[in-house]
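To start, the structure itself, in structure tokens.
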Ligand code: CTP
Ligand code: MG
């Protein structure tokens, strides 16, 4: 069986979402957003560790796991960083994932990714080193500078990218080392793997697998869940 580590970055403060409680702790249906990602992660065959970077002052996650009777020693809470990249980099140092075959990185704020998607990403990542969920874009997409259009992108070449993103462990570790060495940031993990020169396989993503960024995303996800 493929041995797996899952990193759930949860150290953000949700500036675009606003409010006092970080969005990963908002209630969705009857449970906090982050628990959807935690529960599905623990349910995947071969998962040895679920590493969750949270902000240094965060005591919410610990309390919430206890309150919801989630007591699984595969959960490892670590300290996150100022950027998502730093949070993932800290999580990568956890000894609990030092010997896994594949590492998945999945946003704590994407509650509706399916188990099937996790499994497809794991298999493709194991086979090819790096795999990410991609969906086609339906809007026309343009490059804009100072509020003027510079160019129109050929829509058939565009994909919106989701998580979970999966990598053979050494591919991700090399990419992060390379990123730190060259001060590269990126809004996802695959971009660092690309920068390190490794090919990244696209797997069909899921339209329901949205990232909760603003309050309207939470309302939309609630409506999907109640269906
Ligand atoms: N994240 C993290 N560490 C950071 C920043 C983000 O672990 N320093 C996590 C978030 O908690 C979230 C995921 O990365 O689960 C995706 O990030 P995003 O949607 O941008 O969340 P926030 O950074 O919290 O939101 P915002 O950018 O609006 O402040
Ligand atoms: Mg952010």
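Numbering (the working numbering), first residue to last: 3 to 229. Backbone N, C-alpha and C fix where the C-beta goes; we use that ideal spot for every residue, glycine too. Since the structure is predicted, the reported quantities are computational estimates derived from the model, not experimental observations.
Output the distance between the C-alpha atoms of residue i and residue j, rounded to the nearest integer angstrom.
i           : j           : result
residue 31  : residue 23  : 16 Å
residue 2   : residue 106 : The structure shown does not extend to residue 2, since the chain is modelled only from 3 through 229, so no value can be given for it.
residue 72  : residue 44  : 10 Å
residue 205 : residue 52  : 23 Å
residue 85  : residue 125 : 29 Å
residue 8   : residue 76  : 10 Å
residue 245 : residue 80  : With the chain covering only 3 through 229, there is no way to say anything about residue 245.
residue 147 : residue 29  : 38 Å
residue 82  : residue 103 : 23 Å
residue 15  : residue 59  : 11 Å
residue 171 : residue 97  : 13 Å
residue 218 : residue 141 : 19 Å
residue 145 : residue 87  : 25 Å
residue 33  : residue 61  : 17 Å
residue 3   : residue 177 : 25 Å
residue 222 : residue 229 : 11 Å
residue 89  : residue 18  : 19 Å
residue 69  : residue 153 : 52 Å
residue 224 : residue 67  : 21 Å
residue 129 : residue 123 : 10 Å
residue 216 : residue 95  : 31 Å
residue 226 : residue 179 : 39 Å
residue 190 : residue 10  : 13 Å
residue 157 : residue 74  : 44 Å
Can the beta-carbon of residue i be found less than 8 Å from the beta-carbon of residue j?
i           : j           : result
residue 55  : residue 93  : yes
residue 155 : residue 143 : yes
residue 39  : residue 108 : yes
residue 188 : residue 127 : no
residue 195 : residue 173 : yes
residue 119 : residue 208 : yes
residue 116 : residue 48  : no
Under the assumption that residue i contacts residue j (Cβ atoms under 8 Å), give the Cβ distance between them as a whole number of angstroms.
i           : j          : result
residue 26  : residue 36 : 4 Å
residue 182 : residue 91 : 7 Å
residue 12  : residue 63 : 7 Å
If contact is defined by three or more beta carbon pairs under 8 Å, each pair taking one atom from either stretch, is the stretch 207-215 in contact with the stretch 112-121?
Counting Cβ pairs under 8 Å, three or more are found: they touch.
In chain order, each beta strand (DSSP E) run of at least 3 residues that lies wholly inside the stretch 80-129:
Runs of the beta strand (DSSP E) inside the stretch 80-129: 104-107.
Cβ contact check for the stretch 128-143 and the stretch 157-170: 3 or more pairs under 8 Å
With contact defined as three or more Cβ pairs closer than 8 Å, the stretch 128-143 and the stretch 157-170 are in contact.
What are the complete alpha helix (DSSP H) segments, minimum 4 residues, inside the stretch 152-218?
171-183, 191-197
Within the stretch 24-60, ranges of the beta strand (DSSP E) (whole runs, at least 3 residues)
Runs found: 49-56.
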